[in-house]
Amino acid sequence: MKFILLILTTNLVFGLNSSLSDSSSFTRSEIRFYSDVIIDSSETLKDNIRVLGGTLNVYGTVESQITVIGGDVHIFPSAHISGKIVAIGGDVITDEGATISGKVVEASMDQGLIYRETFTDSAASKKKESFGITNFSHRFREGWVHPEPEVFEHNRNEGFRFSPLNWNWDRGNESLIRLSFSVGYRFGPDEFIGRSTLETALLKNRTATLFASGFKTARTDDEFRLPEHENSWASLIGRQDFFDRWDETGFEAGAGFDFSLLKLKGKYVKATQTEMVVDSNVWSLFHEKRTLRENPSMLETDVEYVEGILAFRTASYTPLSTGFALLSKIEMTIKENNETLDEPTLRMSHMAIANLKLSEGVVLRNRVILGMASETVPTFRQFGIGGLGSVSAHDFKIQSGTHMGQMNSELIFTEDFTDTFFMVILFFDAGMAYSTSTLVDLNYIVDHSDQFIQSAGIGFGNDDGDGINMRINFAKQLGSDGPIESTVRYSFNF
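For the sequence shown, our numbering begins at 686 and goes up steadily by one.
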């Protein structure tokens, strides 16, 4: 009889799940047989999972649907459930402090047929919470304090970089103190790299974090151009590298504040900056005779600087929906080679992205980047305009200077609009780099608008649910007779 009731309960719950779920927000499904599943505090689960015969331990964020049959569910204090968890035939333990803005459905046979739902009324919860912060941000763990490197990387400076060890120790996600350790090896210069970070969380929901870190790593100012993994593919396949890098070895300490959608971080850094030589023997699948670009010249320098970062995004922000995101960085160098500078060297960059969904399947995306620095900023830290991720169809950093302004716009017609397996993208790029003695001098852009370099193009690609799967762009310079440039991308233009 219990077996029949269990089958009926399963059908009932699965039926309810089908009717109550927003299927458009779920991208994949997975079934785990007799396997325990742990959602780490650093994870945000967006995929549907069915667990048969195993237990589920949730420390992180669940935005999708998890169905557990014949196993127990334990929801820990750091967990945030905005999706749905369905437990059939097992017990559900919810610790105090866990945030449930979605649903937890429990169907148990131990004491007869029991059907129970747990959820949080959003209107009621907002009355109780003055600031409305209820979850520990996934992005904070992803790289806000301890950046976790890609396991495999390939570029003209490091050659093949392998970083297999990325450890985090915090007593099974229950301690406010966290020790992180990453180590890798550069096969080009034959040397080890890594980072070790000690951090402690403070305040409600771990809003504040104090941290200290020792490191040897590569730095770049070109991360806005394209994701690092995509740059690795360009290097591995086509012997192209769109980042300029330098090496930093040293120590840093600071504090970070994570208010979910708004993040702030400040740190003091004492490090040695050295040039990273170009490995002319770096292997690539094609274009083995292509000449590699040289690094900007620099001298080995001991520096002390402070850095502040502000990041904000609206809750609805994704590449294909209406939303806004902002990233601002300010860096001030106060010492060079143990001598205090009479006037600290400033370098500031501000990037804003605004997306507007015009209608179903049509999205307008815009990005603006402004950069400004002191006249004393080193040459290798100057801003550059041109090339992939900047102004398409132009040479890499064809313009450089202490200041820059850049705009990128694209109109995306998704597969829903084209009613095919591919999307169509129309895009326009414009930008200018220049040097001026005034730190904040936007009038220069207006007065010298003829120095703008521009391009326009069309792209074709497909979306795998999490982002661009593959995309082919065709771009041409505006105002010149340059050739049409074709580029294969594995991400959005920005």
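From the three backbone atoms N, C-alpha and C, an ideal C-beta is built for every residue, glycine too.
Residues that DSSP places opposite residue i in a beta bridge
i: Ser867; result: Asn851, Arg880
i: Phe944; result: Leu947
i: His839; result: Phe845
i: Val967; result: Its beta-bridge partners do not exist; DSSP assigns none.
i: Met1017; result: Val991, Leu1031
i: Glu1024; result: Glu1021
i: Lys952; result: Gly939, Glu992
i: Arg1174; result: Arg1156
i: Ile1038; result: Ala1010, Arg1052
i: Ile1169; result: DSSP lists no partner for Ile1169.
i: His1088; result: Met1057, Tyr1119
i: Val830; result: Per DSSP, none; premise fails for Val830.
i: Lys974; result: None, per the DSSP bridge assignment.
i: Leu1096; result: Leu1049, Leu1111
i: Ala893; result: Leu887, Phe942
i: Arg998; result: Ala1010
i: Ser960; result: The question names Ser, yet the displayed sequence has Glu at residue 960. For Glu960, which the question treats as bridged, DSSP gives the partners Trp931.
i: Ser898; result: Thr882, Glu937
CA nearest to the CA of residue i, picked from the options
i: Phe1159; options: Trp931, Thr1172, Ser1165, Gly1167; result: Thr1172
i: Ser1006; options: Lys1042, Arg978, Asn1023; result: Lys1042
i: Ile770; options: Ala1141, Tyr744, Ala996, Thr752; result: Thr752
i: Asn1128; options: Thr784, Leu1055, Arg846, Thr1105; result: Leu1055
i: Ala1078; options: Lys901, Gly756, Leu911, Pro1168; result: Pro1168
i: Asn851; options: Val868, Gly857, Thr1064; result: Val868
i: Glu1016; options: Tyr953, Ile734, Val991, Met983; result: Val991
i: Asn966; options: Gly768, Ala792, Gly787, Gly844; result: Gly844
i: Thr1180; options: Met1108, Phe1098, Leu947, Ala1058; result: Since the first residue of the chain shown is 686 and the last is 1179, residue 1180 is not available in this structure.
i: Ala897; options: Trp829, Glu838, Pro834; result: Trp829
i: Gly873; options: Leu737, Asp757, Val963; result: Val963
i: Phe1112; options: Ser1134, Val1048, Gln1136, Thr1061; result: Val1048
i: Gly857; options: Ser786, Ser727, Arg978, Glu781; result: Ser727
i: His759; options: Ile1157, Lys952, Arg871, Asp725; result: Asp725
i: Arg871; options: Val836, Pro981, Arg735; result: Val836
i: Ala792; options: Gly782, Thr779, Gly774; result: Gly774
i: Pro981; options: Phe1081, Val1131, Arg846; result: Phe1081
i: Met1012; options: Ala996, Ser1085, Ala940; result: Inspection of the sequence shows that residue 1012 is occupied by Leu rather than by Met. For Leu1012, the nearest C-alpha among the options comes from Ala996.
i: Arg1050; options: Ala1010, Pro1063, Thr1025, Ile1083; result: Ala1010
i: Gly787; options: Gly768, Ile778, Glu1095, Gln1136; result: Gly768
Chain-order list of residues whose beta-carbon lies under 6 Å from that of residue i (same chain, five-residue window excluded)
i: Arg930; result: Asn842, Ala903, Thr905, Met961
i: Ala893; result: Leu887, Phe942
i: Lys1014; result: Ile994, Ser1034
i: Pro1004; result: Phe1177
i: Gln925; result: Ala919
i: Ser865; result: His831, Asn853, Thr882
i: Asp721; result: Gly739, Thr740
i: Lys1161; result: Ala1078, Ile1169
i: Lys955; result: Gly935, Phe936, Glu989
i: Asp776; result: Asp757
i: Gly745; result: Ile724, Asp725, Ser726, Glu728
i: Ser1021; result: In the sequence as displayed, the identity of residue 1021 is Glu instead of Ser. Excluding sequence neighbours, Glu1021 sits near Thr986, Val988.
i: Ser1165; result: none
i: Thr779; result: Ile760
Same chain only: Cβ atoms within 7 Å of residue i, ignoring 5 sequence neighbours per side
i: Phe928; result: Asn840, Thr905, Asp907, Asn916
i: Ala809; result: Its pLDDT being 36, under 50, Ala809 is placed unreliably by the model, and the measurement read from it follows with that caveat. Result list for Ala809: empty, nothing under 7 Å.
i: Leu921; result: His839, Ser969, Leu970
i: Leu911; result: Phe927, Leu1073, Gly1074, Ser1176
i: Asn1023; result: Asp987
i: Leu1163; result: Gln1139, Ser1140, Ala1141
i: Gly782; result: Pro762
i: Leu923; result: First, the amino acid is wrong: residue 923 is Gly here, not Leu. Around Gly923: Ser969, Phe971, His972.
i: Ser1134; result: none
i: Glu913; result: Glu835, Glu838
Residues near residue i by beta carbon distance below 8 Å, same chain, minus five either side
i: Glu1001; result: Looking at the sequence provided, one finds Ser at residue 1001 rather than Glu. Once the five neighbours on either side are set aside, the close Cβ partners of Ser1001 are Thr1007, Gly1008.
i: Asn1154; result: Gly1146, Asn1147, Asp1148, Tyr1175
i: Ser709; result: Reliability fails at Ser709, whose pLDDT of 34 lies under 50, so the model's placement of it is uncertain and no value is given.
i: Glu985; result: Thr957, Gln958, Thr959, Glu960
i: Glu1045; result: Asp1101, Phe1102
i: Asp1126; result: Met1057, His1088
i: Arg998; result: Leu946, Gly1008, Phe1009, Ala1010, Leu1011
CB contact below 7 Å: residue i versus chain D
i: Ala1078; result: Of the chains in the structure shown, none is chain D; there is only one protein chain.
* Asked: Looking at C-beta atoms only, is the number of pairs between the stretch 968–975 and the stretch 1129–1147 that lie closer than 8 Å three or more?
  -> no
* At which residue ranges does the stretch 1041–1083 contain complete beta strand (DSSP E) runs of 3 or more residues, listed in the order of the chain? -> 1047–1058, 1068–1070
* Can at least three beta-carbon pairs, one atom from the stretch 1021–1031 and one from the stretch 1070–1087, be found at a separation below 8 Å? -> no
* Would you call the stretch 1053–1071 and the stretch 1082–1091 in contact, with 3 or more CB pairs under 8 Å? -> yes
* Jot down the residue ranges of each uninterrupted beta strand (DSSP E) in the stretch 707–773, minimum 3 residues, whole runs only, in chain order. => 714–718, 722–724, 733–737, 741–743, 750–754, 758–760, 769–773
* Where are the alpha helix (DSSP H) runs, 4 residues long or more, that stay fully inside the stretch 900–938, in chain order? -> 913–923
* Asked: Can you list the beta strand (DSSP E) stretches of 3 or more residues lying completely in the stretch 1102–1161, in chain order?
  -> 1108–1119, 1138–1148
* To do: Please confirm if the stretch 1114–1121 is in contact with the stretch 1098–1105, defined as three or more CB-CB distances below 8 Å between the two stretches.
  => no
* Asked: Quick one: any contact between the stretch 868–882 and the stretch 758–770, if contact means 3 or more CB pairs under 8 Å?
  -> no
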